[in-house]
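First up is the structure itself, then whatever we jot down about it.
Numbering (the working numbering), first residue to last: 1 to 164.
Quick look at the structure:
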């Protein structure tokens, strides 16, 4: 699998708030997470995705204001998206539960983050270690950053067994 980062020109991006209102029509709420929800959200991310993603989301909760959006359906979290957690102006991690995929929730979460970043004054957003490149190209006009791997992720510590 080939990893790379992608760049989004926020200054050129026309934000699509329609995808967020479409979520509301499906009884899916897209909003920023709140501090009292931190444990619930982080536990869900760890269970559905990975501890490393929960660690990054923890940082997003610590930002002021927080930089994590969640998707809620029937009073349960079904998706999340963060930015400014791995590094400043980086989007991600983001994920939608398996059972909720195909509803446009990932697109709405991405748009919410891009809108927030643009309103904060960012000119660019970087999507690190991209998975679905075509999705990002189509949704926000992201372009591949050549020779970007491992980039910010170089020398990343992996799980280790600690020995006294």
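From the three backbone atoms N, C-alpha and C, an ideal C-beta is built for every residue, glycine too.
If you're wondering where the values come from, they're calculated on a predicted model, not measured in any experiment.
Taking only beta-carbon positions, decide if residue 24 is within less than 7 Å of chain C.
Annotation note: the requested chain C is absent from the structure, which comprises a single protein chain.
Please name the residue, chosen from 149, 117, 120, 130, that lies closest to residue 93 on a Cα-to-Cα basis.
130
Rounded to whole angstroms, what is the Cα-Cα separation between residue 29 and residue 87?
27 Å
Would residue 117 and residue 153 qualify as a contact pair, given that the criterion is a beta-carbon distance under 7 Å?
no
Enumerate in chain order the residues of its own chain whose CB-to-CB distance from residue 143 is below 7 Å, with the five nearest sequence positions on each side excluded.
6, 7
Every unbroken beta strand (DSSP E) inside the segment 45 to 126 [3 residues or more]
68 to 73, 76 to 83, 90 to 96
Which residue from 119, 151, 44 puts its Cα closest to that of residue 78?
Selection 119, 151, 44 evaluated against residue 78 yields 44 as nearest (Cα-Cα).
C-beta atoms of residue 90 and residue 126 nearer than 7 Å:
yes
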